[in-house]
Amino acid sequence: MRTRLSPSPQAGDGVIDVLVAGGGPAGLAVAVHAALAGMEAVVVEPRASPVDKACGEGVMPGGVAALKAMGVEVEGHGFRGIHYLDGRREVRAAFAAAPGLGVRRTHLHAALARRAAELGVKTVTGKITRVEQDRDGVEAAGLRARWLVAADGLHSPLRRSLGLDLPARGPRRYGQRRHYRIEPWTDFVEVHWSGTGEAYVTPVARDLIGVAILSSVRRGYDEHLRGFPGLTRRLSGPAVTPVRGAGPLRQAVRTRRAGRVLLVGDAAGYVDALTGEGVSLAVRSAELLVRCLAEDRPEDYDGAWLRLSRTHRLLTGALVQAARRPGTARLVVPAARRLPGLFTRIVRILA
-11 MRTRLSPSPQ AGDGVIDVLV AGGGPAGLAV AVHAALAGME AVVVEPRASP
39 VDKACGEGVM PGGVAALKAM GVEVEGHGFR GIHYLDGRRE VRAAFAAAPG
89 LGVRRTHLHA ALARRAAELG VKTVTGKITR VEQDRDGVEA AGLRARWLVA
139 ADGLHSPLRR SLGLDLPARG PRRYGQRRHY RIEPWTDFVE VHWSGTGEAY
189 VTPVARDLIG VAILSSVRRG YDEHLRGFPG LTRRLSGPAV TPVRGAGPLR
239 QAVRTRRAGR VLLVGDAAGY VDALTGEGVS LAVRSAELLV RCLAEDRPED
289 YDGAWLRLSR THRLLTGALV QAARRPGTAR LVVPAARRLP GLFTRIVRIL
339 A
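In terms of this note's numbering, the sequence shown opens at residue -11 and continues consecutively.
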């Protein structure tokens, strides 16, 4: 259900429980969880659903389970684990039980939007870039709410306006993604390593794969792709979507709460897409955020988010450090191959 903003909309007693800035997967997940908890949620989003953006499109098993628990049904292509390759060596690790899901970003967004609409979540067309708050609530875009959730993306305008940005240390990495009309040749997500970046191959349908490239080197997609000759030889099908990019990926955040405003998804801080946990972490942290609000303990959210994401942040940060120099990047696959038990354990922890 989508309407345009009016100057003085009314909702229930005139005050919305949860106002969500941003109708991407993280924002919609917050709205769904809020509705399931008996709270009134309104999403403010300037774009029509579904919205496409640069994304690896692999949802880890924990994220798949979280989506199912929300009642979100989405079609995709299952994958059994992670496969590292560097042109000479390779190593793979399967998940312990349930599979992950490769799913087009647009399909995931549409499925979350459908579920939100089923639960009565209202979506209005607009954009929130600033907020006024007092001890009882917030006002933004002509709406009054008890809480505002900033789910407005990697370069969150709300996060910046609240002074919550911190200088991001480490390499500035960027992502690019394109799809190819080709039958997946594997039921694993492949990660191809080179000295200048990584290429991620995710099966997203029976006749479609997504190929995402992450690197700190600024150059075009096709030029990057030439650095993975083994992968290039497999890409016999045509490219069927334009290249989409994002970055810099690393975003440091002072805290995920400022008064009655809370951050979720990429707006809450981001390390890198290297371990593919972005969607899973966004959906799970959305549930955590709503639980803190429903139990009237918003002050616990920041610490709970840090605990939830700790393993992801540590492992992803370590791999990014290894990837930042050609010499150490070339050691990742040999090291994983020499220690397959450790590699499998890491993959299953991230799953």
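Note that beta-carbon positions come from the ideal geometry of N, C-alpha and C, so glycine has one too.
The structure presented is a predicted model; accordingly, all values stated were derived computationally and were not measured.
Check	Outcome
Out of ARG214, ARG318 and PRO226, which has the shortest C-alpha to C-alpha gap to ILE197?	PRO226
So what does ARG165 bridge to, in DSSP terms?	ALA200 and ARG232
Assuming ALA139 contacts GLY12 under a Cβ cut-off of 8 angstroms, what Cβ separation, rounded to an integer in Å, is found between them?	6 angstroms
Short check: CB of GLY66 to CB of GLY50, under 8 angstroms?	no
Write down the C-beta distance between THR184 and GLY233 rounded to the nearest angstrom, noting that I regard them as a contact closer than 8 angstroms.	Contact doesn't hold; Cβ gap of about 16 angstroms is too wide.
Can you give me the start and stop residues for the beta strand (DSSP E) that LYS110 sits inside?	110 to 113
Please state the DSSP three-state secondary structure of LEU345.	Residue 345 lies beyond the residue range present for the chain, which begins at -11 and ends at 339; the question has no answer from this structure.
Quick check: the Cα distance between GLU78 and PRO322, rounded to an integer number of angstroms?	8 angstroms
Alpha carbons only, please: which of VAL320, LEU327, ARG298 and ALA317 is nearest the one belonging to LEU338?	ARG298
What do you get for ARG178, buried or exposed, if any count of 16 or more other CB atoms within 10 angstroms of its CB means buried?	Residue identity differs from the one stated: residue 178 is Glu in this sequence, not Arg. With 16 or more other Cβ atoms within 10 Å, it is buried.
Nearest to GLU352 by CA position, among ARG245, ARG318 and ARG194, is which residue?	The question about residue 352 has no answer here: the residues shown for the chain are numbered -11 through 339.
Determine the closest residue to SER37 out of LEU96, ASP153 and VAL249, with distance taken between C-alpha atoms.	LEU96
Would you call the CB atoms of ARG160 and SER203 closer than 8 angstroms?	no
Return the CA-CA distance between ASP260 and ALA22, expressed in angstroms with no decimal places.	28 angstroms
In whole angstroms, what is the alpha-carbon distance linking ARG165 and GLY305?	22 angstroms
Could you tell me which uninterrupted beta strand (DSSP E) segments, each at least 3 residues in length, are contained entirely in the segment -1 to 84, listed from first to last along the chain?	4 to 9, 29 to 33, 65 to 67, 69 to 73 and 78 to 82
Mapping the DSSP letters down to three states, classify THR332 as helix, strand or coil.	helix
Suppose you measure from the CA of PHE83 to the CA of GLY125; what does that come to, to the nearest Å?	44 angstroms
From the DSSP output, read off the bridge partner residues of ARG132.	GLU127
Kindly give me the distance between the Cβ atoms of LEU250 and LEU277, rounded to whole angstroms, as I take these residues to be in contact under 8 angstroms.	6 angstroms
By a C-beta neighbour count over all protein chains shown, 10 Å radius and 16 as the cutoff for buried, is ARG248 buried or exposed?	buried
CB-CB under 7 angstroms to ARG169, same chain, minus the five flanking residues each way: which ones, in chain order?	ASP195, LEU196, GLY225, PRO226 and VAL228
Here's a check: name, in chain order, each residue in its chain whose Cβ is nearer than 7 angstroms to the Cβ of GLY69, leaving out the five neighbours to either side.	ARG80, ALA81, ALA82, PHE83, PHE176 and VAL335
Let me make sure I understand the geometry here. Which of VAL109, LEU136, THR332 and ALA105 has the alpha-carbon closest to that of LYS115?	LEU136
In the DSSP output, which residue or residues are listed as bridge partners for ALA243?	A small correction: the amino acid at residue 243 is Thr; Ala does not occupy that position in the sequence shown. Answer by DSSP bridge pairing: none, since THR243 is not bridged.
Taking C-alpha atoms, which residue in GLY151, LEU319 and VAL6 lies nearest to LEU348?	Because the chain in this structure spans residues -11 to 339, residue 348 falls outside the shown range and cannot be described.
Have a look at ARG103, GLY44, LEU24 and ASP122 and flag the residue whose alpha-carbon is nearest the alpha-carbon of VAL62.	ARG103
So LEU154 and VAL189 are in contact, right, with Cβ under 8 angstroms, and what is the actual spacing, rounded?	33 angstroms between Cβ atoms; not a contact.
Spatial neighbours of ALA99 within its chain, please: C-beta separation below 7 angstroms, excluding the five flanking residues on both sides.	VAL60, GLU61 and VAL62
Determine the direct distance from the alpha carbon of PRO145 to that of ARG333, and round the result to whole angstroms.	38 angstroms
Determine, using beta carbons only, whether GLY10 and GLY163 come nearer to each other than 8 angstroms.	no
Nearest CA to the CA of THR111: which residue from ALA101, THR94 and MET58?	ALA101
With respect to the alpha helix (DSSP H) encompassing TRP293, which residues constitute its N-terminal and C-terminal limits?	289 to 311
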